Structure formats: C-alpha cells, structure tokens
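Read through the structure below, which is laid out as structure tokens, and then see the notes.
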Amino acid sequence: MNIKTTLERRISDALAAAGAAEAPAMVKPASRPEFGDYQADGCLAAAKKMKTNPRKFAEAVVEKLDLSDLAEKVELAGAGFINITLKRDWLDSRLAAMFADEKHLCVPIPKNPETVIVDYSGPNLAKEMHVGHLRSTIIGDALARTLQFIGYNVIPQNHVGDWGTQFGMLVEFILYVRKEKGGIVGERDTDGVVVTVDSDLRINDLEFLYRMAKRKYDTDPEFAEKARKRVVLLQSGDKETLEIWEKFRKESLRHCKKVYEALGVLLSDKDVRGESFYNDDLPNVVADLEKRSLLKISDGAKGVYLEEFKNQDDKPFFMIVQKSDGGYLYATTDLAAIRYRVQELHADRILYVTDSRQAQHFAQVFAVAKKADFVNRARHNQSTPWLRLIIGKLINILSFLLVLFHIKRKTNIREHKLSTKLEHVPFGMMLGTDGRPFKTREGGTVKLMDLIDQAEYAAGIAMDQREDVYPQARSYKTYKAIGVGALKYADLSQNRTSDYVFSWDKMLSLDGNTAPYMQYAYARIQSIFRKQDEMSPACQGGDSAMNGTIHVVEPAERALGVKLLQFPETIEAVAETCLPNILCAYLYDLAGAFMGFYETCPVLKSEGDIRAGRVALCKLAARVIQKGLELLGIDVLEQM
Numbered sequence: 024m025n026i027k028t029t030l031e032r033r034i035s036d037a038l039a040a041a042g043a044a045e046a047p048a049m050v051k052p053a054s055r056p057e058f059g060d061y062q063a064d065g066c067l068a069a070a071k072k073m074k075t076n077p078r079k080f081a082e083a084v085v086e087k088l089d090l091s092d093l094a095e096k097v098e099l100a101g102a103g104f105i106n107i108t109l110k111r112d113w114l115d116s117r118l119a120a121m122f123a124d125e126k127h128l129c130v131p132i133p134k135n136p137e138t139v140i141v142d143y144s145g146p147n148l149a150k151e152m153h154v155g156h157l158r159s160t161i162i163g164d165a166l167a168r169t170l171q172f173i174g175y176n177v178i179p180q181n182h183v184g185d186w187g188t189q190f191g192m193l194v195e196f197i198l199y200v201r202k203e204k205g206g207i208v209g210e211r212d213t214d215g216v217v218v219t220v221d222s223d224l225r226i227n228d229l230e231f232l233y234r235m236a237k238r239k240y241d242t243d244p245e246f247a248e249k250a251r252k253r254v255v256l257l258q259s260g261d262k263e264t265l266e267i268w269e270k271f272r273k274e275s276l277r278h279c280k281k282v283y284e285a286l287g288v289l290l291s292d293k294d295v296r297g298e299s300f301y302n303d304d305l306p307n308v309v310a311d312l313e314k315r316s317l318l319k320i321s322d323g324a325k326g327v328y329l330e331e332f333k334n335q336d337d338k339p340f341f342m343i344v345q346k347s348d349g350g351y352l353y354a355t356t357d358l359a360a361i362r363y364r365v366q367e368l369h370a371d372r373i374l375y376v377t378d379s380r381q382a383q384h385f386a387q388v389f390a391v392a393k394k395a396d397f398v399n400r401a402r403h404n405q406s407t408p409w410l411r412l413i414i415g416k417l418i419n420i421l422s423f424l425l426v427l428f429h430i431k432r433k434t435n436i437r438e439h440k441l442s443t444k445l446e447h448v449p450f451g452m453m454l455g456t457d458g459r460p461f462k463t464r465e466g467g468t469v470k471l472m473d474l475i476d477q478a479e480y481a482a483g484i485a486m487d488q489r490e491d492v493y494p495q496a497r498s499y500k501t502y503k504a505i506g507v508g509a510l511k512y513a514d515l516s517q518n519r520t521s522d523y524v525f526s527w528d529k530m531l532s533l534d535g536n537t538a539p540y541m542q543y544a545y546a547r548i549q550s551i552f553r554k555q556d557e558m559s560p561a562c563q564g565g566d567s568a569m570n571g572t573i574h575v576v577e578p579a580e581r582a583l584g585v586k587l588l589q590f591p592e593t594i595e596a597v598a599e600t601c602l603p604n605i606l607c608a609y610l611y612d613l614a615g616a617f618m619g620f621y622e623t624c625p626v627l628k629s630e631g632d633i634r635a636g637r638v639a640l641c642k643l644a645a646r647v648i649q650k651g652l653e654l655l656g657i658d659v660l661e662q663m
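Numbering (this note's numbering), first residue to last: 24 to 663.
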C-alpha cells in the first residue's frame, strides 16, 4: 500500500535496465495536478552521472518501465521528469482496502518487527520540569507512538538525572539544616519561603532547598567538601543517605507523572531508568574497556582516546570514563545504558531524543560503544526466551566440538552478531519573540506545568473570540484539547532540528498549519455524520452508504483520495527520519484537500452510489486525521 515505495522499486529497476544500476528513482507526490499524481526525478541525476542526454535517457527508462497495473498515464516532461497518473479503478480499490482496514489504515506491518528503544524526556530530579524539557518529551512521545503503530516493539526509556553531585549536595544540606537550624530553613522577609526538612517535601520545597544548598556549596568550602564526600556515600550505598535520596526521588517522579498526564504523553513509572539504575555496573564498563585494550590513563583519569575527534590542540580527544578521584561521568552511565539496552532489552535501534547541543557527546559515546563491541548482540535475540536458550546451548556445543576436533572456523564470530543502531535525534531551541531562549517576563525559567496552564487559559480566550466556531457548552476537556494540542502541534510541526519562535496567537489560530485548524477539519466531518443521522433512513442511503465503496470521479474527489492513500508512506517516512513535522505537513495538506472536496462535491445532497461513496470518503478522511493527531499525542473534538 506504500505507493511511493512501489513506484520507487519499479522505476529503480527500469533505471538499472537502462544502464543506471543503483540510481535512486527520487519519487515524490506531484506538485501540481497537471503533473499527475507522482513525479520521478531520478533520470536527471543518473543522466548527469552517466554524462548522457537526460531526456533521451528518460525515454529509455520509460520504455523499460511497466506500471500498466496501476498507472493510467506515464509521461515525460521537461528535461527528463517522469509524471505518473494513477488509474481511477486502482485508486478506488486501494481506498476500499484502506476503508476496510480501520485499525492500521493499510500502513504496512513488518513481518519481523524491530525492538526500538526511545530515550526521551530525561529531566533532572529534585527540580520542577521546565520548558527546556518540552521538546524532548513531546517529540519522543510522537516517535514512540508512531513506531508502535507501525508494529515495532517500542520500549520507552526515561533516563532521569537522579544521581551525582547535586544529590550529595542536597542530602548534606538536609543534614546541615537538621543539625544547625532545627530542621527549618528559609526566611519570609528574604526568600518568602519556609521549609521544614522533615515534613512531606513537595517539588517546590525541593526546588527551594536546591537553590539554598547550591548557594552554600558555592560560598562555603567546608560544606562543599562534605557534599562531595556525601556523593561517595550515596554511591557506596550509605543507609541514611539513601533514605533521604529516595524521598527526593519519589516526590520528583510524582511531579513528573503529573506533568506527563497533563501533556498526555505515554511515559509511566515503569519506563524510568535513571542514572542510579546503572550505578552498580559502572566499574564493569571500565573493566570491559580495559579488557579490550581501549582504556588509557591521562593525569590520573581513565578514558578512551578517539582519533576521529580532536581537541583544541588538534590531538585525539580523550573521553574520560573515570575521574582521578574514582568518580564516574555521564559518558560512563550512557555506556552502561547502551550495554543494558542491547544485552538485556535486545534493542535493534536506540533513539536518543535530546538537545542538539549534546550531539558531540553522543557521537563520542557511540564511537566508544562501537569500539568496545557494546552494540553487538546475538543474531537470535528476536526469538522467544526458551528458543533463545536452546539455540544458545546448541551454539555452545558446536563451538566445543569445533575446538575439540581442531576444526578451523571459516567465519568470524562477529558474523553471528547484529549491530544495534544508535541514533541521536537532536532538536533546536524554543525561542521567545525577542529571538532568545524562551523565558518568563522576569527572565526566569518557565515551568512546564505553568506553560500547560497558560495553554489552557489562552485556549479559553481564543474560544471566546470565536464563538461562531467553538461550542457554547464548553468543558475542561475542550480547553485542554485545544490548548495542549496547540502547544504540542506548534512544536511538532517545525523541523525538529530548527529553533522556532513561540507565539500563542499563531499556534491557536484557526488558519494555517495549527492544531485548531486540524481539529476543526475533523469536527466539520463529524457534523456531516450528525446531519446524516437526522435524515430519514431512505435519504441516508442505508448500509451501503458506509460500506467503503468509493469512486473518485471529480477532480476534488481524486485529490482527496490520492492524499489519503499517501498516509502509509508518510508514516513510514516519519519512522525512518524521526521527523514528526512530515506528518504535520501531510495532515495540513489532507485537511486542505478535504476542504476543497467539501466545497465542490455535495455529500448529503447527492444521491445513490455517489452519496454513499462520498460519505465513505468523509469517514476515511476522519479516521486518518484522528489517527494522525493521535500519533502526535493530540485529541480531536467531535464538535467545534
């Protein structure tokens, strides 16, 4: 059902037959109706490489190209473009198949689905989540939803920052307040906050305590030294330290859960794998690097030299995995996480959805992981556990017999391994209207819960201003669907690698590529079905009106039908490129195609098979819009 893939495969075969083996077909939807439904540009690049006339070469390709089963016309245009117009009856049959497949909408499901880990959100604990966590959280969630819809085994991982110096500092400050301040800290005339450290601390208490602890850490050398020693006690499992740390962690995760529920993302407690989870394995990571002769020592610190990265002196970069004082770094934890995800979770692909400023860090970590064979896993890891056990035993017996009888192996052990794909999925920054990182009016960091509340409030104002569109009877669910949907869509509709300017007016607009526009398109389709229900059974057209028989006769019907059939290739493109904005752009085009159809092709005023087909086309459009928004984590509204 992926039309683009089908055309690419056949045109690539024709290119090869014409003398351009492995030349890409470069198929894309036609930019204008007069160019057909799809256009292939590969002949131009292939002809240039072969140093031949592109038009003549394209003619040779078309002679070798057989699209008789699905194309009505295959025409050459310009210097060598191939324009393809699909057969109407073929379109009708494909739309009927898509209508029948209500669950998957003809998106191909892989026979051997990969296990994909999506590492996203990852806030530092003991602080409130802020606007800097928004993009990772919603981009990662959209990718997890999309991959899961396709049929992959998706394992979300929330790599929270719950370990290290800041927690040693916080624990030490709690003990200091208990001993020196009677368990109470803060002055109302200066900070406006008073906290009793042995009470049930909430996230805002922890945030306040962190600021106070950091102030003392920076100004009191004796306290700073105690805090550093407290980190060692934390890492070594000191009971008192762990008890206080666990309280911090529990409250922080409660706060994160509240944010995730408000945003409507899929992350849950079971997806949390914080830095602390890998603490016991860090010495093993260092030992394994040493076994593979990768570990070197520089100024007392242990690490790996990376020839592919240079420092300021143009010498190989030294990635430290253990400091001279015995402490570990983020890189060490990331290496331990890779080993766990490959060996225990059997990941085929791992996506790291983080700020683009971490690109070099992950490039270096990935390089070390590959050198150390941390990304290699047994070829049989997709099997059931009992089958993996049997196969493992057979391989061990075979290996023993080979050694026993001195039989020389003809293959290298790595040929029996698969390499897990490690991918950094970077994103840019959210900017204010001044072009700088998004802040409060006072210049402070915007808390994520405050931003969500603002989104719902702004949605209410927008709805008051457009009472001609929005329903009079409103609920919190409506405000949330509009506000949070607009907040998420405004981000996801941008190319994630780019910075973008945050604007309430723009994201809540009913015009343009926005969530309210998409929600309005869906609601308009639902209004057709409500009107249909009010008609007499004879006028409704009976059951045949919804049996999925579609005939795309009029140009607007055809445009909508072709756009609907492009849903599978759109979803596969998002899964491959990790760019949710591809789906947003598709949905916007789909909504535009529906509006064009709605304005020129009467639905309920038509009769017989025409009405039945158009109602079915509306039903299919509603399903695709709803599913597309669902994959972005956005709710639809039945009425606006």
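C-beta atoms are modelled at their ideal positions from N, C-alpha and C, and glycine is treated no differently.
The model shown is predicted, which means the values in this text are computed figures rather than measured ones.
*asked:* Contact defined as beta carbons within less than 8 Å: I believe L78 pairs with A102. What is the distance between those atoms, to the nearest angstrom?
replied: Rather than Leu, the amino acid found at residue 78 in this sequence is Arg. Going by Cβ atoms, the distance from R78 to A102 rounds to 6 Å, so yes, they are a contact pair.
*Count the CB pairs spanning the region 593-607 and the region 29-40 that are closer than 8 Å, and state whether there are at least three.*
no
_Counterpart residues of Y523 in DSSP-defined beta bridges_ = M453
*Given 8 Å as the limit, is there contact between the region 375-395 and the region 340-354, that is, 3 or more CB pairs closer than that?*
yes
_Strand pairing of I475, partner residues [DSSP]_ = I475 is not bridged to any residue.
*Residue from E57, E82 and P449 whose Cα sits closest to the Cα of L67*: E82
*Curious, which full-length beta strand (DSSP E) runs of at least 3 residues does the region 327-392 contain?*
339-345 and 372-378
_Contacting residues, own chain, Cβ-Cβ under 8 Å from K319 (five flanking each side not counted)_ = K325, G326, V327, Y328 and F341
*Give a yes or no on whether the C-beta atoms belonging to Y363 and D294 are separated by under 9 Å.*
no
*Where DSSP assigns a beta bridge to E95, which residues make up the other side?*
For E95, which the question treats as bridged, DSSP gives no partner whatsoever.
*Output yes or no for whether 9 Å exceeds the beta carbon distance between M452 and P460.*
yes
*Is DSSP giving S321 helix, strand or coil here?*
strand
*Label V576 either buried or exposed according to how many other C-beta atoms from any shown protein chain fall within 10 Å of its C-beta, with 16 as the threshold for buried.*
exposed
*May I ask you to verify whether the region 501-515 touches the region 614-625, counting CB pairs closer than 8 Å and requiring at least 3?*
no
*Report all residues from its chain with a CB closer than 6 Å to the CB of D376; omit the five preceding and five following residues, and keep chain order.*
Going by the sequence as given, residue 376 is Val instead of Asp. If we look at V376 and ignore the five residues flanking it on each side, its Cβ neighbours are Y143, S159, I162, G163 and V448.
*If you draw a straight line from the alpha carbon of K333 to that of P339, how long is it in whole angstroms?*
5 Å
*Specify the secondary structure class of P460 as computed by DSSP and reduced to three states.*
strand
*Within this structure, are the beta carbons of G59 and T138 separated by less than 9 Å?*
no
*Is DSSP giving E18 helix, strand or coil here?*
Since the first residue of the chain shown is 24 and the last is 663, residue 18 is not available in this structure.
*For S442, which beta-bridge partners are listed by DSSP?*
N399
_Buried or exposed by the 16-neighbour rule on C-beta atoms within 10 Å, applied to K150_ = buried
*Would you mind working out which of R168, L157, M152 and W527 sits nearest I140, comparing C-alpha positions?*
R168
_Spatial distance of L93 from Y61 (CA atoms)_ = 12 Å
_Quick check on this structure: which residue in D476, Y502, K470 and I475 has the alpha carbon closest to the alpha carbon of A485?_
Y502
*Let me know if I105 comes out buried or exposed under the rule of 16 or more other beta-carbons within 10 Å of its beta-carbon.*
buried
*What's the C-alpha gap between L643 and K586?*
11 Å
_Whole angstroms are fine: how far does the CA of R581 sit from the CA of A393?_
The sequence shown places Lys at residue 393, rather than the Ala named in the question. Roughly 49 Å separates the two Cα atoms.
*Can you tell me the Cβ-Cβ gap for A236 and M192, rounded? I've got them flagged as a contact below 8 Å.*
5 Å
*Using DSSP with H/G/I as helix, E/B as strand and the rest coil, what is P52?*
strand
*Tell me which same chain residues have a C-beta within less than 6 Å of the C-beta of T264, skipping the five on either side of it?*
V194, L256 and L257
*With DSSP run on the structure shown, which of helix, strand or coil describes P179?*
strand
*Return the chain-ordered list of same chain residues with a C-beta closer than 8 Å to the C-beta of N604, the five sequence neighbours on each side being excluded.*
L515, S516, Q517, N518 and R519
*To which residues does DSSP link H153 through a beta bridge?*
K470
*Whose CA, out of P52, A382, A70 and V50, lies closest to the CA of A44?*
A70
*Hey, E274 and R225 are a contact pair by Cβ (cut 8 Å); roughly how many whole angstroms apart?*
6 Å
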